[in-house]
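In my numbering, the protein residues as written are 9 to 67. Positions of the beta carbon are idealized from the N, C-alpha and C atoms, including for glycine.
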């Protein structure tokens, strides 16, 4: 008896999709910088992640 192949294709497609989402999430800012996509990096860095504000206490 031959097992249908669409199950295998579905599993492989799901694994590839998860890997693609992981790569996109981890390295999207690097890819944009390499390809010069989106806004200029300038002083803000061009990252989607906000940098924490450094608080200097007054003495």
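Checklist entry - Taking DSSP as the reference, what is the three-state secondary structure of residue 51? => result By 1-based counting over the chain shown, the position of residue 51 is 43. Note on residue 51: pLDDT 49, under 50, position unreliable in the model; the coordinate value appears next. Per DSSP, reduced to three states, the secondary structure at residue 51 is coil, with no helix or strand assignment.
Item to check | Sequence-distant residues of its chain with Cβ nearer than 8 Å to residue 34 (five each side left out) | outcome: Reading the chain shown from its first residue, position 26 is the one you call residue 34. Closer than 8 Å at the Cβ level, and outside the excluded window around residue 34, lies no residue.
Next on the checklist: According to DSSP, simplified to helix, strand and coil, what is residue 24?
Outcome noted: By 1-based counting over the chain shown, the position of residue 24 is 16. The three-state secondary structure of residue 24, taken from DSSP, is helix.
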